[in-house]
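Chemist: Okay, here's the structure, questions in a sec.
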Amino acid sequence: MTRIALTVNGEKRSDEVEPRLLLVHYLREVLGLRAANVGCDTTSCGACTVLLDGKSVKSCTVLAVQAAGHDVITAEGLAPAGELHPVQAAFRQNHGLQCGFCTPGMVMATVGLLSENPHPTEEQAREALEGNLCRCTGYHNIIRAVLAAADASTEVSA
Amino acid sequence: MIPSQFDYVAAESTEHAISLLAERGDDAKLLAGGHSLLPMMKLRLAAPELLIDIGGLTELAGVTIDGDELVIGATTRHADLAGSELVRAEAPLLAYAASQVGDPQIRHRGTIGGSLSHADPAADLPMALVALGGSVVLQGPNGIRTVSADSCFRGYFETVMEPDEVMIAVRVPRRPGVPWGYQKFVRRANDWAIVGVAAINGRIALANMGATPLRATAAEQALAAGASPAGAAEHAAEGTSPGEDMHADREYRRHLARVLTRRALEHQTG
C-alpha cells in the first residue's frame, strides 16, 4: 500500500491505496464520486474523463498514485451543490445527451477544451471531442452545447 | 480491468531510476505517462513487479536547442510537443505528428519517450523520428549513448534499449522552413495508422508497413535520381513486409503506402 495525498474538487485527501488502483476506481469507490464512468476501460471512450491539473485525462488509464500531489476535478466539483457550471447548463439547455452515460466525460472534456481554446470553431470542437464516444450517437446536440457554452462564457466575460 | 500487483516507486532522479532498473532488471518497468504501459498491464499483456515512475522528473521534460538539433526531454508530453512554438518552428513535422497521436486526453498524458520506447510500428512518433533522421539518447549504469532512429527499432514493440537504460532525450535536426508531408490513414477516431507516411528532405518513413517504422528506400532513391513524386511513390512499398488484420490485408497496405507516399510528396507544407 502507498499513501497518496492529493486535492479532489478542492478538498485535500489522503488515503492508503494499492499502487495498481486506477484513478477512476479511487474516485468512484474510495471517495464515492460516481460522475466519472467506466465505459470502455481501454482509453477510447472518454466516459471517465476528469481534469488533472486542469487538463482533461482518461482516469481509467491513470494510476491513483500518479495523481499524488496533483489536483483532480470531477463533474461533481464543477459548481456548488444545486448550481450548474456554464458547460453543464449548456448541455441541459441544448439537450446535449441521450442516455447520459457519456455526459460527465463530455462535460469535463468540454471544460478542458474551453480552458485551452475559449472560442472553438465547430470543427475544432468536434476534433477536441475525438476522445469521447457517445454510444447513442447524439453528437449534434453535444456540439451545439459546446458552442453554446463558449458563447455563454463570452457573454459573462463581456 | 485491473493490472496485476506491483510495487511502485516515484524516482527521485534519473540516476535513482537507473539504479532501480539495474537492481530489478526485467522485473521492473519505467512509468511516465503510462499510456502505452498501463493498457498493456490492464490486459495482463505486461505484468512488471515494480513500476519506477519517472513522470515527475522535471529534468527529463522540455525542449531546448543544441547547435543544429532540437533536444526534447523524454517525458515531454504529446500536447506540449504539439503546442511548443520552438518545435513548431524548428521541426514542424514532429509537432504535427504529436498532434496526431490519439486524442486530446491521451496527448495530455502520453510522452515522446514512452511512445518511442513502446515502439509500436503503427505509431506516429517513431515514424516521425525516422523521417527526420533523429536519434534517442539512452542513459544506463555505464553512461550515455546516442542511437540513430534508423537503428533504434528492432522489431514489433522492440528497441535496442537495454533493461537498465532510461531514454532521457530525443534529438532531431532543426528543419525550419523545409517542406514536409504527413499522411495518416485511419478509419476510426483516435486510432493508430492503418498505414502512415512522413516525408521530409528526401527521406520517407512508413508506419505499419512492417515490424518497425521503415524507410521507403527505393522511393527515396527514385526521388534522388529525379523521379516525380508520383513516379517515386510507385516504389514506396518495395522492401516492406506489412502485416494483416481486420482493417487491411497486405496488398491493400502496399497500395496505401504508394498512394499516401504520393500524397505526402505532392502536398507538402513548410
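Sequence lines, in order, name chains R and E.
Counting in this note's numbering, the first sequence runs from 1 upward without gaps.
Counting in this note's numbering, the second sequence runs from 1001 upward without gaps.
Glycine is no exception: its CB is placed at the ideal position from the N, C-alpha and C atoms.
Please read all numbers here as calculations on a predicted model, not as lab measurements.
Mind listing, in chain order, the continuous alpha helix (DSSP H) runs of no fewer than 4 residues lying wholly within the region 56-113 of chain R?
Modeler: DSSP runs (the alpha helix (DSSP H)) wholly in the region 56-113 of chain R: 86-93.
Chemist: D1007(E) by DSSP, collapsed to three states: which one?
Modeler: DSSP places D1007(E) in strand when its eight states are reduced to three.
Chemist: Enumerate in chain order the residues of its own chain whose CB-to-CB distance from M1041(E) is below 6 Å, with the five nearest sequence positions on each side excluded.
Modeler: Cβ neighbours of M1041(E) beyond the five flanking positions: P1003.
Chemist: Which residue marks the beginning of the beta strand (DSSP E) containing L1093(E), and which one marks its end?
Modeler: First-last for L1093(E): P1092 to S1099, but that is the alpha helix (DSSP H), not the beta strand (DSSP E).
Chemist: Comparing the C-beta of Q1105(E) with each C-beta of chain R, is any distance below 8 Å?
Modeler: So yes, Q1105(E) belongs to the interface.
Chemist: Establish whether the CB of M1167(E) and some CB of chain R are separated by less than 8 Å.
Modeler: No, M1167(E) lies away from the interface with chain R (no Cβ there is under 8 Å from its Cβ).
Chemist: Measuring alpha carbon to alpha carbon, tell me which of E1162(E), A1022(E) and Y1182(E) ends up nearest A1131(E).
Modeler: When each option's Cα is compared against that of A1131(E), the closest is Y1182(E).
Chemist: Name, in chain order, the residues that DSSP records as bridge partners for Y1182(E).
Modeler: Its beta-bridge partners are A1198(E).
Chemist: Mind reading off the beta-carbon distance from A1211(E) to Y1156(E)? Whole number of angstroms is fine, and I expect it under 8 Å.
Modeler: Contact holds; Cβ gap of about 5 Å.
Chemist: In this structure, how does DSSP classify I1168(E) when only helix, strand and coil are distinguished?
Modeler: DSSP places I1168(E) in strand when its eight states are reduced to three.
Chemist: Closer than 8 Å, CB to CB, is E130(R) near chain E or not?
Modeler: Interface residue, yes.
Chemist: For Y1008(E), which residues in the same chain have their Cβ closer than 6 Å to its Cβ, ignoring the five residues on either side in sequence?
Modeler: Within the same chain, Y1008(E) has close Cβ partners L1051.
Chemist: Anyone know if the C-beta pair for A1095(E) and V1087(E) falls short of 8 Å?
Modeler: Yes. Within cutoff.
Chemist: What residues from chain E crowd round L63(R), counting only those whose CB sits closer than 9 Å?
Modeler: The contacting residues are P1003, Y1008, L1031, G1034, L1038, L1051 and D1053.
Chemist: Kindly indicate which three-state DSSP category E29(R) falls into: helix, strand or coil?
Modeler: Helix at E29(R).
Chemist: Assuming the contact rule is C-beta atoms closer than 8 Å, G1140(E) and R1171(E) should be a hit. Round their C-beta distance to whole Å, please.
Modeler: Incorrect: roughly 17 Å between the Cβ atoms, too far for contact.
Chemist: Determine the direct distance from the alpha carbon of L6(R) to that of K12(R), and round the result to whole angstroms.
Modeler: Cα-Cα distance, rounded: 6 Å.
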